[in-house]
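The block underneath contains the structure these notes are about, expressed in structure tokens.
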Amino acid sequence: MATLQLLLAFASYFFTSCAMVLVFLLIYTRITPHNEWRLIKANNLAATWGFIGALLGYIIPLASVAINSVNLLDYLLWGAVALVVQLLVFTAVRLFIRDISQRIEENQHAAGLFLGAVSLGVGILNAACMTY
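Per my numbering: the sequence shown ends with 116, consecutive numbering throughout.
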């Protein structure tokens, strides 16, 4: 019986995580002026690096929260915090490099790599701060 309860807990967190990642991807791709999906399909490495960094910058805190949350509602709330943090990262990078989206569309690798690195770095810091 304990195994069934553990399996249900795993399934609830795992499928909730998948849904949260999909929501993140939907929101993130809506707030960025460039179209990540189109650019990635066109083999644009700058867009790919920026997007991977944002995705991992969200998933890493989400994993930390899954480990530390006390229940599913707690997990959802901290997952929302992680989402907001990643959206703020893009906004901050855009303030620093105003034409970041144009540079990514032009496949300027440094711009995409910088965005991805900042997103990933803040995500790691965010994950560390979400342990309690």
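Where a beta carbon is used, it is the ideal one built from N, C-alpha and C, also for glycine.
Expected contact under 8 Å - CB spacing of residue i and residue j to nearest Å
i     : j   : result
Y(-3) : Y59 : 7 Å
A31   : I84 : That belief does not hold up - the Cβ atoms of A31 and I84 are roughly 11 Å apart, past 8 Å.
A66   : P45 : 4 Å
M114  : N52 : 6 Å
L104  : L40 : 5 Å
L56   : T0  : 6 Å
Beta carbon of residue i nearer than 9 Å to that of residue j
i    : j      : result
V102 : A76    : yes
V7   : A38    : no
G34  : A(-14) : no
L71  : I15    : yes
S48  : A112   : yes
V106 : V68    : no
H93  : L23    : no
Bounding residues of the alpha helix (DSSP H) (the contiguous stretch that carries residue i)
i      : result
I81    : Neither: I81 is in no alpha helix (DSSP H) and is coded neither H nor E.
Q(-11) : -14 to 15
T32    : 29 to 52
A111   : 93 to 113
E90    : Looking at the DSSP string, E90 is not in any alpha helix (DSSP H), and its letter there is neither H nor E.
Near the ligand FMN: residue i beta-carbon under 8 Å from a heavy atom
i   : result
Q70 : Questions concerning the ligand FMN fall outside what the structure shown contains, since it holds no ligand whatsoever.
Residue environment, residue i, which counts as buried when at least 16 other CB atoms sit within 10 Å
i   : result
E90 : exposed
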